[in-house]
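One structure below.
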Amino acid sequence: MATDMSWMRERYEYLQSQGLEWNPPTLESASEPRCIMDGKEVIMLSSNNYLNLTTHPKVIQASIEAIEKYGAGSGSVRAIAGTLDIHLQAEKICAEFKEVEAALIYSSGYAVNVGLIPTLVKGHNDVIISDELNHGSIIDGVRLTKASRSVYSHNDMGELENILNNHKNSDRKLIITDGVFSMDGDIAPLDEITKLAEEHDAMIFV
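Residue numbering for the sequence shown follows our numbering, starting at 591 and increasing by one per position.
Okay, structure coming up:
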């Protein structure tokens, strides 16, 4: 007997009735300042292609050369047979730029947050302390952990310090903040956060 999936149709129809059906716009050209979307020329204000590098001639040429050498993809995940030498070269350049020992490139910011945050804390006696305006993908990553959680008012260093004082006995303390906040464009006071983290033996995830 087939499983009754009528609830799915009912849920979909309910979302439709509430005007909540998602119909993402369709891009029909390169993502440039002016592009074609759903058959109309529009000004692009919602892309992450801030410097328009996706259509830079040198970037396009490098992409063509890479496809000719490696094909259209590795055909595997990085942990098995999907790590190309150009991945390692790019990570080396990133590490040198950041003046750190090593770097790891993820496919998206979302993948970083849901993949990395749960590895930094291990259990209920750890605490994650998060800015209230952190990106939604950070919140998703935090939800995947077993750590206790505290949220401090946006960029409020006094409140952050109070929370740290209240968690002196936690095993691992992880402060999470956006660097540049995605909705408002304001910048986290990383120098102050770093000072508090050092004083309270906490990690920082930016």
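Glycine included, every Cβ here is placed at the ideal spot set by N, Cα and C.
- Beta-bridge partners of E631 (DSSP): I626.
- At the C-beta level, L786 and L754 come within 9 Å of one another.
- Contact check between the region 717-724 and the region 754-767: three or more CB pairs, one atom from each, fall below 8 Å, which counts as touching.
- Counting along the chain, R601 sits inside the alpha helix (DSSP H) bounded by residues S596 to S607.
- Listed in chain order, the alpha helix (DSSP H) runs fully inside the region 721-787 are 726-733 and 747-756, counting runs of at least 4 residues.
- From the listed residues I777, G769 and F795, the smallest Cα separation to K763 is found for F795.
- Of the candidates L750, G713, Y640 and E749, G713 places its Cα closest to the Cα of A737.
- Annotated as proximal: V704 and G731, with beta-carbon spacing under 9 Å.
- Looking at the backbone, the Cα of S653 and that of V741 are separated by about 42 Å.
- Note on geometry: alpha-carbon atoms of E631 and E622 lie some 11 Å from one another.
- Using a 10 angstroms sphere on the CB of N745, the tally of other CB atoms reaches 16 or more, which defines it as buried.
- Per DSSP, the continuous beta strand (DSSP E) segment holding I794 begins and ends at M793 to F795.
- For T709, the uninterrupted alpha helix (DSSP H) run begins and ends at G699 to L710, by DSSP.
- Counting along the chain, D675 sits inside the alpha helix (DSSP H) bounded by residues D675 to K688.
- I650 and N639 have their C-alpha atoms spaced approximately 14 Å apart.
- Per the C-alpha coordinates, the member of P779, G775 and I728 positioned closest to G748 is P779.
- According to the DSSP secondary-structure assignment, V717 is paired through a beta bridge with S738 and K763.
- V649: member of the alpha helix (DSSP H) spanning P647 to Y660, first to last residue.
- Check the Cα spacing between D768 and each of I728, M793, L706 and K758: the tightest is with I728.
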